[in-house]
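Chemist:
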Amino acid sequence: MSIALIILAAGKGTRMESDLPKVLHRIAHAPMLWHAMRAGQVLEPGRTIVVAGHEADMVAASAQAYDPEAQIVLQSEQNGTAHAVAQAAPALASFSGDAIVLYGDTPFIRQETLEEMARARAHHDIVVLGFEAADPARYGRLVTEGDALLRIVEYKDASEDERAITLCNSGLMAADATVLMDLVAQVGNDNAAGEYYLTDIIALARARGLSAGVVHCAEAETMGVNSRSELARAEVSFQQTTRARLIDDGVSLQAPDTVWLAWDTVIGRDAEIEPNVVFGPGVTIESDARIRAFSHLEGCHVSRGAIVGPFARLRPGAELAEDSHVGNFVEIKNAYLGEGVKANHLTYIGDADIGDRSNIGAGTVTCNYDGVFKHRTIIGKDAFIGSDTMLVAPVTIGDGAMTGSGSVITSDVPAGALGIGRARQETKAGFATRLRDILRAKKKEQNKG
Ligand code: UD1
Ligand code: MG
0 MSIALIILAA
10 GKGTRMESDL
20 PKVLHRIAHA
30 PMLWHAMRAG
40 QVLEPGRTIV
50 VAGHEADMVA
60 ASAQAYDPEA
70 QIVLQSEQNG
80 TAHAVAQAAP
90 ALASFSGDAI
100 VLYGDTPFIR
110 QETLEEMARA
120 RAHHDIVVLG
130 FEAADPARYG
140 RLVTEGDALL
150 RIVEYKDASE
160 DERAITLCNS
170 GLMAADATVL
180 MDLVAQVGND
190 NAAGEYYLTD
200 IIALARARGL
210 SAGVVHCAEA
220 ETMGVNSRSE
230 LARAEVSFQQ
240 TTRARLIDDG
250 VSLQAPDTVW
260 LAWDTVIGRD
270 AEIEPNVVFG
280 PGVTIESDAR
290 IRAFSHLEGC
300 HVSRGAIVGP
310 FARLRPGAEL
320 AEDSHVGNFV
330 EIKNAYLGEG
340 VKANHLTYIG
350 DADIGDRSNI
360 GAGTVTCNYD
370 GVFKHRTIIG
380 KDAFIGSDTM
390 LVAPVTIGDG
400 AMTGSGSVIT
410 SDVPAGALGI
420 GRARQETKAG
430 FATRLRDILR
440 AKKKEQNKG
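In numbering that gives the first Met the number 0, the protein residues as written are 0 to 448.
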């Protein structure tokens, strides 16, 4: 059966104190909206509809950057969650199947939970995701009888008895799309907030003879983000959960609390991550690779057996083949390092291809930018680049070639050749001793005066 995701993302998020709409604030380098959209992917949705309102253009651009096929519907005034869902009606006109309502500011929903909601639809016309709240505060309360959900009461409208209920509404719901659209169209706004409450559809559904049930999840999954301090806590929570998952999957983290992961970091089994490593977005580390302390990686791929760091920086487009080594104070950008390549000290490699087993000496720089254009450096297999070589791109160094230390290489070096580009040395016998005597004498004169 086809599934449509309806993601509510129209709210302003006043308490964020920000010009950025709330759902675009980032956790682990991805907007919260993307976290919700990614969770929904497990249901293989036939349609994804994002309800945008506040700064709708920005929200739309972000949603479509994640999923170019996402449909954006506009809710110009935020009159409540039922009103928000109702805006999706035109986008669902020709759709048959289930709709699942998600919140764009609730990034921690687990895929397993959404699958459970989809499965629970076999037993109930409407499935609501609920949780036992440690502090139920102002959440909507789920009024149940056996495994039937009778209605949801918002805190503001609840009686003392109802406020004593600890089973709360996460806001997520699943139902047949046509039924859902019929129900939200019926919702009124005669309540304490004067809003159209999505939660009212439960009582409306039961009045029509439809059934409603609850799927339970952990409170942490429903954690919403309303302020900067909640965002900071959400980041910590994401990091802790993701570190724990990696460890369970067989990755070694020597000091888990000091490793910062991105929402999409992929690390293979038996890889070893030393303390204080930071992952930006788009990193994949294969099995058995070792990322040493204080390294910073983003948009790169590290193959099996490779060693990175300590103190290395891999920037977007860095591609390290098996068993390559990148050492301290080495920066790599948009460059391929073949199998067994070594660049161990104080080097910048940008816009380059380096063949298998080549050695890049300390202090080597690919001079890739002329102020306007970027140029490539090509280095063949088994080449030896002497320390402190400046490779002025575009330039090609052939297989097995060498460059002399301190060279500025401006033209190609063919396979097997040695390229040297530096001033010839002059040696003046006894000059150092004489110079030192002159200087010392001068100092003595000065001290007298
Ligand atoms: C809602 C639920 C409440 C539940 C709580 C869980 C209703 C009436 N209440 O309350 O039972 O316990 O979530 O967090 O549904 N939004 C729009 N357009 C609107 C209003 C809201 O897109 O007109 C979006 C918001 O951006 C947000 C989500 O819907 O992502 C929830 O809205 P919010 O105002 O936070 O609802 P709560 O009052 O927290
Ligand atoms: Mg809320």
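Heads up, the beta-carbon is just placed ideally off N, CA and C, and yes, glycines get one too.
Given the structure is predicted, the values throughout are model-derived calculations rather than measurements.
What are the residues that DSSP puts in a beta bridge with tyrosine 154?
Modeler: For the purposes of this step, residue 154 is taken as the residue at position 155 of the sequence shown. Tyrosine 154 is not bridged to any residue.
Chemist: Can you check DSSP and say which residues form a bridge with leucine 101?
Modeler: Locating residue 101 in the sequence shown gives position 102, counting from the first residue. Bridge partners of leucine 101: Ile6.
Chemist: So aspartate 436 is in the alpha helix (DSSP H); what residue range does that whole segment cover?
Modeler: Locating residue 436 in the sequence shown gives position 437, counting from the first residue. First-last of the alpha helix (DSSP H) with aspartate 436: 430-447.
Chemist: Is DSSP giving glycine 39 helix, strand or coil here?
Modeler: Mapped onto the sequence shown, residue 39 falls at position 40. In this structure, glycine 39 counts as helix in the three-state DSSP scheme.
Chemist: So who's on the other strand from asparagine 168, going by DSSP bridges?
Modeler: In the sequence shown, the residue the question calls residue 168 occupies position 169. In the DSSP output, where bridge partners are listed per residue, asparagine 168 has Gly129.
Chemist: State yes or no: is the C-beta of arginine 421 within less than 8 Å of the C-beta of glycine 397?
Modeler: If you number the sequence shown from 1, residue 421 lands on position 422. If you number the sequence shown from 1, residue 397 lands on position 398. No, the Cβ-Cβ distance between arginine 421 and glycine 397 is not below 8 Å.
Chemist: Just to confirm, are aspartate 352 and isoleucine 378 a CB contact at a threshold of 8 Å?
Modeler: Walking along the sequence shown from the start, residue 352 turns up at place 353. Walking along the sequence shown from the start, residue 378 turns up at place 379. Result yes, Cβ atoms of aspartate 352 and isoleucine 378 sit closer than 8 Å.
Chemist: In chain order, what are the residue ranges of uninterrupted alpha helix (DSSP H) at least 4 long that sit wholly in the segment 209-285?
Modeler: Runs found: 227-247.
Chemist: Comparing alpha-carbon positions, which option in Asp189, Val142 and Glu76 lies nearest arginine 205?
Modeler: Along the sequence shown, one-based indexing puts residue 205 at 206. Checking every option, the nearest Cα to that of arginine 205 belongs to Val142.
Chemist: As a quick exercise: from His215, Val214 and Gly187, pick the residue whose alpha carbon is nearest that of alanine 202.
Modeler: Within the sequence shown, residue 202 is the residue found at index 203, counting from 1. Nearest C-alpha to alanine 202: Gly187.
Chemist: How many angstroms separate the CA atom of aspartate 287 from the CA atom of glycine 279?
Modeler: Taking the first residue of the sequence shown as position 1, residue 287 is located at position 288. Taking the first residue of the sequence shown as position 1, residue 279 is located at position 280. Approximately 20 Å, taken between the alpha carbons.
Chemist: So the alpha helix (DSSP H) arginine 109 belongs to, where does it begin and stop?
Modeler: As a working mapping, residue 109 is identified with position 110 in the sequence shown. Here arginine 109 belongs to no alpha helix (DSSP H), and DSSP marks it neither H nor E.
Chemist: May I have the straight-line CA-CA distance separating lysine 380 from valine 307, to the nearest angstrom?
Modeler: Mapped onto the sequence shown, residue 380 falls at position 381. Mapped onto the sequence shown, residue 307 falls at position 308. When rounded, the distance between both Cα atoms is 20 Å.
Chemist: Using C-beta distances below 6 Å, list every residue in its chain close to valine 265, excluding the 5 sequence neighbours before and after it, in chain order.
Modeler: Along the sequence shown, read from residue 1 onward, the residue named residue 265 stands at position 266. Here the set comprises Thr283.
Chemist: Can you grab the Cα-Cα spacing for the pair methionine 116 / alanine 219, in whole Å?
Modeler: The residue given as residue 116 occupies position 117 in the sequence shown. The residue given as residue 219 occupies position 220 in the sequence shown. Each residue's Cα considered, the two are about 17 Å apart.
Chemist: What three-state label does DSSP hand glutamate 159 in the structure shown?
Modeler: Locating residue 159 in the sequence shown gives position 160, counting from the first residue. Three-state DSSP puts glutamate 159 in a helix.
Chemist: Is the CB-CB distance between arginine 120 and alanine 173 below 8 Å?
Modeler: By one-based count along the sequence shown, residue 120 stands at place 121. By one-based count along the sequence shown, residue 173 stands at place 174. Contact flag set, yes.
Chemist: Give me the DSSP bridge partner(s) of glutamate 54.
Modeler: The count along the sequence shown starts at 1 and reaches residue 54 at position 55. Gly52.
Chemist: Sorry if obvious, but does the Cβ on alanine 83 come closer than 7 Å to a heavy atom of the ligand UD1?
Modeler: The residue labelled residue 83 in the question sits at position 84 within the sequence shown. It does: the Cβ of alanine 83 is within 7 Å (strictly closer) of some heavy atom of the ligand UD1.
Chemist: Between the C-alpha atoms of leucine 455 and alanine 392, what's the straight-line distance to the nearest angstrom?
Modeler: Outside the displayed range of the chain (0 to 448) lies residue 455, so it cannot be described from this structure.
Chemist: Which residue from Phe310, Leu113, Ser236 and Val235 puts its Cα closest to that of isoleucine 272?
Modeler: Locating residue 272 in the sequence shown gives position 273, where the first residue counts as 1. Cα-wise, what sits closest to isoleucine 272 is Phe310.
Chemist: For glutamine 185, report the span of its alpha helix (DSSP H) as first-last.
Modeler: Here residue 185 refers to the residue found at position 186 when the sequence shown is read from its first residue. Where glutamine 185 is concerned, the enclosing alpha helix (DSSP H) stretches over 176-185.
Chemist: Excluding the 5 residues flanking aspartate 66 on each side, which residues of the same chain have their C-beta closer than 8 Å to its C-beta?
Modeler: Position 67 of the sequence shown, counting from 1, holds the residue named residue 66. Closer than 8 Å at the Cβ level, and outside the excluded window around aspartate 66, lie Met36 and Thr47.
Chemist: Please determine if the segment 92-112 and the segment 30-45 are in contact, where contact requires at least 3 C-beta pairs separated by less than 8 Å.
Modeler: Cβ pair count under 8 Å is three or more, so yes.
Chemist: Rounded to whole angstroms, how far is the Cβ of valine 84 from the Cβ of leucine 179, which I believe are closer than 8 Å?
Modeler: Along the sequence shown, read from residue 1 onward, the residue named residue 84 stands at position 85. Along the sequence shown, read from residue 1 onward, the residue named residue 179 stands at position 180. Confirmed, Cβ separation roughly 7 Å.
Chemist: Nearest to serine 294 by CA position, among Glu318, Arg303, Trp259 and Gly304, is which residue?
Modeler: For the purposes of this step, residue 294 is taken as residue 295 along the sequence shown, with counting starting at 1. Answer by Cα proximity: Trp259.
Chemist: What first and last residue would you give for the beta strand (DSSP E) that runs through arginine 137?
Modeler: For the purposes of this step, residue 137 is taken as residue 138 along the sequence shown, with counting starting at 1. Note, arginine 137: premise wrong, no beta strand (DSSP E); not H, not E.
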